[in-house]
Amino acid sequence: MNAIYNQISQDILLPDQFLEIGTSTPDRLYAWAIDDDNHGVSLQPITWGKLLNDSERAARYLLGSGISPRTPGDAHLVCVAILAKSSYWVFVYEIAIFLLGWTPLLFSEKNNFTTLEYLISSAVMVVVDEDYYVSAQKLQTSFPSLKICRLEEQLLNNYKPWSRALTSFEQVSKEKSSVALYLHTSGSTGPPKLIPLSHYSLIVYASIGMGVGNKYNGHTIYGPLPIAHGLALCIYILYPLGSSVLPVFVTGRSPLTAPVVLSHVQKLPSPSMILLPPVLLENVVHLGSSALQVLSNCKRVIYAGAPLQSLTANALLDAGVKLVTGYGMSEAAVLITMDIVAENLQDNWMYIRFLDNFDLHFIPLDQEKSLFKLVIGRGSTGLQPAVINHENPLGFHTNDLWVPHPYDPNLWRHAGRQDDVIALSNGLKVNTRDIEIHLTADPLIAQAIAFGAGRFAVGVLAAPTSAYLNTHEFVSSIWTTIQKVNSILPKYAKLLRGMIIIAKDNKPFLLTDKGSVKRTETLELYSQEIDHAYQALEEAKIPSEHRIHQTSHIPFDNVLSVVKQTVNNVAGSEIPTTANFFDRGFDSLGALDIRIACIDQFEEQLGHSISLPLLVAYEHPTIIKLATFIYHLISGDVTAIEGQRNAQVEKFQSLEEQFSAAFVQKRRQLSFISDHNDCTVLITGTTGSLGGHILSCLLKYPQVSRIYCLNRLSPGSAVTDRQRDMFNQFGLPLSPLNTESKSIRFIQGDLSLDTLGLEPEIFMNLRAEVTHIIHVAWQMNFNFKIESFENVSIAGVHHLMDFALSSTRANYPTFTFISSIGVAGVSSTPVPERMIPNENASTIQTGYSQAKFIAERLIEQAAKDTGVPCNIIRCGQISGSTKNGAWNINEYIPILLRSSKQIGLIPESFSDIRWVPVDFAADAISQIALGPGISSNDSSVSYWHIEAPLSQPWSLVMENMIRTSDHVIKPVTLRHWLDTVVERASANVQPGLLPAVKLIDFFSQYDSHAGAALPVLETISTRTTWPQINLENGIQWIDKYIAYILSY
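First residue of the sequence shown? That's 924 in our numbering, and the numbers climb one at a time after it.
Laid out in structure tokens, this is it:
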């Protein structure tokens, strides 16, 4: 029974391979059989001769059904299903079916009756054991012609072996492409589907070794899998045929627990390869060092089917276990080598090394090439996957996601499935599998599902490993893990406290037969809890006044303590009581999280419900201000609340006075650096849509010798990659970013610092080089109050102006600032191209526009005091690109249209359309910024307006939306539209899909001014001075815009 490495011929059919080996070397060892039903564990050898003899007797038994043997090459297949508990004898019947020329259809033991009924339609007979005989009778009711054959073991000795006739060369040629075997998908990602495997593919699989080859000749492989599993095909057929690896059959009714598996492994002779699901490996780790020692004696321990927790992997590796990450599928068998992937397994155990059986096409899914999909193409042997579902390249798209190793190009890490990547309602993508893997590394979390497709925030459903007292206690216990996960996630994907749902004991996660989570079904089980979480996070009923239903009297110090603890928990760090939330990295989701966390905490403290405005964190953006507001609210002090509102107005006025007096007369120092015709431009905000288009325009000017792109630091992504993403999104040519004819330098800084956050050497070089400054970057948030713009946006203008005044060149650089139509406030007449009168300041509605107004005053004062040449360019509505319709979907027009689609209603009246496409606006700004700076008044500030001079009615947008929706969308008044947005969110009808909820206050301003009375910018001076610029109304590209916006 010595092991022999097979050199099998690819010109012999699969059943003839078993016939050849069983006849020529009958005493050669084929497999081991383990029986643990009796006294302890017994181990018995199975030879190739015994397997063939048993299979030939089973073939004779099967012929008693009246079905004749099929001649190889016959076009008509005879499909026979097998439905039985896996064992050596089930495999015997599978080989018997092969010998008879029939095609076995292997059913998973976990299939429900509906699935069996769906898959069995092509079968003429089903072989069943006692456990499934009743199911077979039910199937026969649906398919009366279906024969039933009981799987017999002992009776086979009464049957003479049936001899298969020799197969001719002509028959082999015809039969090789025929289906030899049917497997089926598991159903974990959709309805199960049959997977046909040809004779040729199975023989080629076996002959090339499938990652085993002769390295493991004579070794046992223990993988207690159902016969119908794709890996079982490798273990029981492909490996023994091609590599003389010895499979192990397990007979017994006791469940395969970790102790049972270890008792089996200890019985096996020769170094063993062990294939186990992660859950069993986790259980082995829990058994301790003696259990780990058993696995450490094995040649390889392979896990597959689900992710392995890092804690489990580390424990196995520390014990000396030679761990291999497995990967394969029924459509293409095993795809990995069984070798250790790297010497340093501690850092690399999760990576795999692919075989070269197929052409593997790794296709990047992002500009950074950090995430890839895999398409398995035809291999050099002519082998191709059993299923083809992808064109260009042709092959099988696995739907799996892959991350390359940072150093070794031959190693890849599985990163979930492509359907694990969800798109939020804002179009941004999130890989939920990454979140789940990191969460389940916490020993307190047994299972986790991240969700949020089509919503505005990501949520998590988590199952604790043990009982807990209440949700608040459990979330607090895992909050350190949540913070770690948030630290590696994009800002828009961070997990909020209010979106963590804890699974209940009476509603456990639903699992597949592989032990993996049934995501869709489990999320459906918790659909009500998920909907309630979103409703609580984004409650849209914003009261016009604070109605106190029940007042309470608790000391202010207590309120302050609760608010401080709540905010710090959300932030994950200590926030000073007077620090602005948004200066400390909070965004819109963070603001919502603060609100919901405060509601939870104070309702628990007070014992009754309270209502906080949706924008409470924006309106009171420090701990002390928020605590003061909540204290007055729960005390019923409406007068004090109104006083806080008045303080907002006073803050605006004080900032205006502060920055208007920011500059004093400065004398220029003489410089030895003379100016010349070449321009060096410092531009901010180039990764945004307008800034990026301006950069694209600047690259076309021959006089621009160098461009410095100053952008904010963004952890986790390189600024060059962000720039390429932006260019790609808007259809801008990427080649100029790489051209050597222009000198582009991307630098990251911080405008809140007087050095712009730059290294001293870079700062000094810029002082000597820059001839033009174009300041585009600005915080885009219409909910922020004025103080949220103070430390970065307003201070940023101040610091850039200080930089301009510190220039060591002969002349000051020209300073161009991109302002907004909002600085005009409410105006019934067109706004001229000059300084905005002070009396307009009181009508400016948003902190965003108030901050722009102050920035204009700062620039005007600097120009007056120092003579620095300045351009203030006020932009109206900048629309999307004329090239592909791309439009920043977080701007208010895309938000309005996306929300209209969701609720089936659109405002019949809104502000008239004076859109200028972003590429036209960028071209105009570039010309003005590089121009001579013709002043329209006595100061050195020139004012310019970018807005379409000819307006078009809103009805054109409305009619296009109605037409695009096949008249599903109906026109209503703006007030009706606003009320519906509020009602839908309150009723929790997909609130996450209503981005307009976050701009209710902003849209309400349009309603209060009846749309038509909003400011109109005069453009006479701009168009006269710059006749070549194009301010054509963007309405003509409305089809492109709507198609792009509604694609998200």
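Quick reminder that beta carbons are idealized off the backbone N, C-alpha and C, glycines included.
task: Figure out for me which residue from Ser-1167, Ala-1155, Leu-1161 has the closest Cα to the Cα of Lys-1138.
output: Of all alpha-carbon atoms in Ser-1167, Ala-1155, Leu-1161, the one lying nearest the alpha-carbon of Lys-1138 is that of Ser-1167.
- prompt: Unbroken beta strand (DSSP E) runs of length 3 or more, entirely within the region 1186–1264: which are they?
  reply: 1195–1199, 1223–1226, 1246–1248
task: Work out the CA separation of Leu-1535 and Ser-1484 for me, nearest whole Å.
output: 18 Å
Where Ser-1121 falls: helix, strand or coil (DSSP): strand
query: Based on Cα-Cα distance, which residue from Ile-1131, Phe-1504, Leu-1556 lies nearest to Tyr-1541?
result: Phe-1504
field: Stretch pair the region 1177–1184 + the region 1029–1041: three plus CB contacts closer than 8 Å
entry: Contact between the region 1177–1184 and the region 1029–1041 is absent, because fewer than three Cβ pairs lie under 8 Å.
field: Proximity of Arg-1087 and Pro-938 at Cβ, strictly below 8 Å
entry: yes
- prompt: Should Thr-1143 and Ser-1195 be called a contact, given that it needs their Cβ atoms to be closer than 8 Å?
  reply: yes
Where the alpha helix (DSSP H) containing Ile-1782 begins and where it ends: Unbroken alpha helix (DSSP H) run through Ile-1782: 1770–1789.
message: So Gly-1748 and Thr-1737 are supposed to be a Cβ contact under 8 Å. How far apart are they, rounded?
response: Rounded, the Cβ-Cβ distance is 28 Å, inconsistent with contact.
- prompt: Which residue comes first and which comes last in the beta strand (DSSP E) that contains Leu-1633?
  reply: From DSSP, the beta strand (DSSP E) with Leu-1633 extends over 1627–1635.
- request: Have a look at the DSSP bridge pairing and note the partners of Asn-1354.
  value: Val-1344
message: Can you find the residues in the same chain that come closer than 6 Å, C-beta to C-beta, to Ser-1186, ignoring five residues on each side of it along the sequence?
response: Val-964
query: Looking only at C-alpha atoms, which of Gln-1406, Lys-1417, His-1455 sits nearest to Ile-1424?
result: His-1455
field: Within 8 Å, strictly: CB atoms of Trp-1335 and Phe-1277
entry: yes
- prompt: Can the beta-carbon of Ile-1553 be found less than 8 Å from the beta-carbon of Val-1490?
  reply: Result no, Cβ atoms of Ile-1553 and Val-1490 do not sit closer than 8 Å.
- prompt: What did DSSP end up calling Arg-1420 once you bin it into helix, strand or coil?
  reply: The answer is helix: DSSP assigns Arg-1420 an H, G or I state.
Continuous alpha helix (DSSP H) assignments of at least 4 residues falling wholly in the region 1079–1118: 1092–1098
message: On the CB-based measure, 16 or more other CB atoms within 10 Å of its CB, does Tyr-1055 come out buried or exposed?
response: buried
task: May I ask which residues mark the beginning and end of the beta strand (DSSP E) holding Ala-1852?
output: Premise fails: Ala-1852 lies in the alpha helix (DSSP H), 1841–1853, not in any beta strand (DSSP E).
query: Using the rule of at least 16 other Cβ atoms within 10 Å of the residue's Cβ for burial, across every protein chain shown, is Thr-1805 buried or exposed?
result: buried
- prompt: Can the beta-carbon of Ser-1010 be found less than 8 Å from the beta-carbon of Thr-1174?
  reply: yes
message: Tell me the residue span of the alpha helix (DSSP H) that contains Phe-1036.
response: 1036–1042
- prompt: So with Cβ pairs under 8 Å, would you call Leu-1853 a contact of chain C?
  reply: Checking the listed chains, one finds no chain C in this structure; it contains a single protein chain.
- prompt: Looking at the structure shown, is Leu-1672 part of a helix, part of a strand, or coil, going by DSSP?
  reply: Inspection of the sequence shows that residue 1672 is occupied by Gly rather than by Leu. Of the three classes helix, strand and coil, the one that applies to Gly-1672 here is strand, per DSSP.
query: If Lys-1222 sits next to Lys-1245, beta carbons under 8 Å apart, how far is it from one beta carbon to the other, in whole angstroms?
result: 7 Å
task: Just list the beta strand (DSSP E) runs in the region 1696–1762, keeping only unbroken ones of 3 residues or longer that don't cross its boundaries, in chain order.
output: Taking 3 residues as the minimum length, the beta strand (DSSP E) runs contained wholly in the region 1696–1762 are 1737–1743, in order along the chain.
message: On the CB-based measure, 16 or more other CB atoms within 10 Å of its CB, does Ser-1823 come out buried or exposed?
response: The residue in question, Ser-1823, is buried, as its Cβ has 16 or more Cβ neighbours within 10 Å.
- prompt: In whole angstroms, what is the alpha-carbon distance linking Ile-1965 and Trp-1810?
  reply: 9 Å
message: Assuming Asp-1480 is part of the alpha helix (DSSP H), what are its boundary residues?
response: 1479–1494
message: Please report the distance separating the alpha-carbon of Glu-1075 from that of Cys-1157.
response: 25 Å
message: Going by DSSP in three states, Thr-1887 sits in which element: helix, strand or coil?
response: Helix, per DSSP.
- request: Count the other C-beta atoms from every protein chain shown that fall within 10 angstroms of the C-beta of Gln-940, then say buried if there are 16 or more, exposed otherwise.
  value: buried
- prompt: Beta-carbon separation of Gly-1745 and Lys-1775 under 8 Å?
  reply: yes
task: Indicate whether Cys-1632 and Phe-1669 have their beta-carbon atoms separated by less than 8 Å.
output: yes
field: Beta-carbon proximity of Ile-944 to Trp-971, cut-off 8 Å
entry: yes
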